[in-house]
Structure formats: structure tokens, C-alpha cells
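Student: Using the working numbering, the first residue of the sequence shown is number 5, and each one after it goes up by one.
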Amino acid sequence: MTAAVPRTGREVREVLRSLGARPSRRLGQNFLVDRGVLDRIAAAAGSGPGDLVLEIGAGLGALTERLAASGARVLAVEIDGLLAGFLREAFAGDPRVRLLEGDALDGRGGLSDGLLAALAEEEARRTGRLLVAANLPYSAATPALLALLLREPPPADMVLMVQREVADRIRAAPSTPEYGPLSVLVQAVARTAPVAAASGRCFHPVPAVGSSVVRVTPDPALRAAAGDLGRLRTVVHAAFGLRRKTLGNALGRAGLLPAGGLAAAGFDPSRRGESLSPAEFLRLAAAVGSLASGSGAGEDRGK
Ligand code: SAM
5 MTAAVPRTGR
15 EVREVLRSLG
25 ARPSRRLGQN
35 FLVDRGVLDR
45 IAAAAGSGPG
55 DLVLEIGAGL
65 GALTERLAAS
75 GARVLAVEID
85 GLLAGFLREA
95 FAGDPRVRLL
105 EGDALDGRGG
115 LSDGLLAALA
125 EEEARRTGRL
135 LVAANLPYSA
145 ATPALLALLL
155 REPPPADMVL
165 MVQREVADRI
175 RAAPSTPEYG
185 PLSVLVQAVA
195 RTAPVAAASG
205 RCFHPVPAVG
215 SSVVRVTPDP
225 ALRAAAGDLG
235 RLRTVVHAAF
245 GLRRKTLGNA
255 LGRAGLLPAG
265 GLAAAGFDPS
275 RRGESLSPAE
285 FLRLAAAVGS
295 LASGSGAGED
305 RGK
């Protein structure tokens, strides 16, 4: 290695200075400098030989190095050319790390073509599980999580550092202020658990808000029972899009299910979307699906 992964806050600042790089807020560049938190993420990921670990936003490689040390293969994605150049040098001698320079996302809520192609190649050779471990950049956290979760097949497990507010939304219960589309879509197909909290001092530069590490474990049984995830997404967004409206109003206006259809499916049309559990949303999406595939689909929409 000609470049060494920085291990302390001072080393991170020195490397950034030597690269002429100023941490970008837009790219969520808050580098983890707390060994304890980095070790916890790597330990929680639980990777080992044969596994493939996807890391979105590798930064200066602090987590990458720990994941690779587990014996797993790491597909590390980094959008920033300066950082990617550093990573390329730092991991040049390590056959376990594949660096992908570029955007992990396609800007339309999906994974980028570059990442999908690299994942397909890597998955063809993996003998273990596909895992995700990352300190996600703020702007990419929600789309990356949903794209990975709704992908076929989903990863076996994900351990993600996200802003505390995003972690709260992921784990929120119905009828709480944090409960929204992210909560429903995640909980409909996965189990979640808190892993650790991290104060601003664990990062350089110090972010304005706190962060949490959360585990999201896709559940094959939940997924098999969930049916059409695209339709679930449409129904959830319609129900929360008009948050102050009743379900009858929100779904009727979206042309998805008239109030009569809601009642026939066993839902009180005067309920609000935010009061429905993920399981109820799945039942609702199934009702919308059977109406759409039924002979009279949409005939009395909006009435
Ligand atoms: N993993 C490093 C760590 O823990 O110190 C860096 C984490 S930092 C919160 C997020 C990283 O994601 C930054 O290096 C940033 O450049 C990168 N990034 C931001 N948006 C990205 C995207 N759309 N695709 C890939 N990487 C991205």
C-alpha cells in the first residue's frame, strides 16, 4: 500500500488536506473517526469468507478496511473522484476489495447501472451471503435502502449508519409523527433493530444532527406474503401523500380504490393512512390489486 487508510481524526484531516479535498455537505461527507463505532458496525455486519459486502460511500476506507479484514469480499462504491483515487491506492494490494467509482444511485429511486452490473458480476462468484454495511450519505440513505430492500433478491442483512431521524422513521410505529412510507415499506418486508447511537463527535467534520446504526434484515416469509411491492409502494404513497385526508379520500382521489371498495375490503374509509399497520397496508394493496384485475376495475373510481 502506498496510501494508508487514516485511523484517527487527525489522520483523516491530514489525508483530506493532502488530497486538496474539502468535505462536501452535499455528498454527506462526514467521516467516521471513532474506532468503537466503526468496530461495532463491522461486528454487527458479521461478514466472513465467502460473503459479499456492499458498502455505499466508502469515503477514506475506514469501514472498508474492517469489512475486508473479516475475509469477506467488499464492493465499495464512492462517488467522489478524489476519494476514489485515494481508495484505489490504499486497497491496490487487496484482492478482497473492488472499488467502484461512481454514483450508487440512478437518480430515479433505483441503483445505478454501474452498481447493478458490478453487483451481478460479484454475485455470480459469491459463495456466501450478500450483506450491506455502510455509513450512508444523508441524501442517498432512503433511496439506497429502499432500492436494496425491494430488489430481487434482497441482501440477507443490512447494517446502516443513518441520521437519527431516518433511523426513527425506519422503526416508527403507526400513528406516531415519524411513521410514514419509509416505515411501512421497510417493516412490510424486513425486521429492524437498533445497533448503536453515535454522537457528532464520532465524525469529521461534526454533523449538525445525531446518527444511529440500524439493522434491517429482509425476511423471506414477509416478502413472499407481501405480493406486488410496486403496488404496495403506490398505495402507501397515495395514503400518505394526502396525510390529513381520510383513506377513502386519499385512495379515491388517486383513482386506486373507491370508498365502497375500501369498506368491502374491511377498512373503515374514515381512517387515516397513518393509523394503518404495515400488515394492514399489505391487505389494502392486495384489495387494490384485486380491484384492478377484476372485471369492473376502476368503473366507479372517484365516486
Ligand atoms: N464510509 C466512510 C466513513 O464511514 O467514514 C464515509 C461515509 S460518508 C457519511 C458518505 C460517503 O458517501 C462520502 O464519501 C461520499 O462522497 C459518498 N457518497 C455520497 N453520495 C454517494 C452516492 N450517491 N454514491 C456513492 N457514494 C456516495
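Glycine included, C-beta positions come from ideal geometry on N, C-alpha and C.
For Pro222, which beta-bridge partners are listed by DSSP?
Tutor: Ala194
Student: Go through its chain and collect everything with a Cβ distance to Gln191's Cβ below 6 Å, but skip five positions before and after it.
Tutor: Pro282
Student: The ligand SAM heavy atoms versus the CB of Phe347: any closer than 7 Å?
Tutor: Any property of residue 347 remains undetermined from this structure, which presents the chain solely from 5 to 307.
Student: For Val2, is the classification buried or exposed, using 16 other Cβ atoms within 10 angstroms of its Cβ as the cut-off for buried?
Tutor: Coverage of the chain is limited to positions 5 through 307, which leaves residue 2 absent and any answer about it impossible.
Student: Suppose you measure from the CA of Gly293 to the CA of Leu186; what does that come to, to the nearest Å?
Tutor: Each residue's alpha carbon lies about 21 Å from the other.
Student: Look at the Cβ atom of Ile60, then the Cβ atom of Ala148, and state whether they are nearer than 8 Å.
Tutor: yes
Student: So what's Leu280 in DSSP terms, helix, strand or just coil?
Tutor: coil
Student: Going by DSSP, name the residue or residues bridged to Ile60.
Tutor: Val81
Student: Could you give the C-beta distance for Val188 and Pro222, rounded to a whole number, given that I count them as a contact under 8 Å?
Tutor: Going by Cβ atoms, the distance from Val188 to Pro222 rounds to 15 Å, so no, they are not a contact pair.
Student: In whole angstroms, what separates the C-alpha of Ala8 from that of Ala124?
Tutor: 29 Å
Student: Is Leu149 near the ligand SAM, in the sense that its beta carbon is under 7 Å from a heavy atom of that ligand?
Tutor: no
Student: Kindly list the residues whose CB is nearer than 7 Å to the CB of Arg276, restricted to its own chain and excluding five residues on each side of it in sequence; keep chain order.
Tutor: Answer for Arg276: Thr250 and Leu251, listed in chain order.
Student: Which first and last residues belong to the beta strand (DSSP E) in which Asn253 is found?
Tutor: Premise fails: Asn253 lies in the alpha helix (DSSP H), Leu251 to Arg257, not in any beta strand (DSSP E).
Student: Hey, how far is the Cα of Val240 from the Cα of Ala197?
Tutor: C-alpha separation (whole angstroms): 22 Å.
Student: Using the Cα positions of Gly270 and Ser143, report the straight-line distance between them to the nearest angstrom.
Tutor: 38 Å
Student: So what's Arg29 in DSSP terms, helix, strand or just coil?
Tutor: coil
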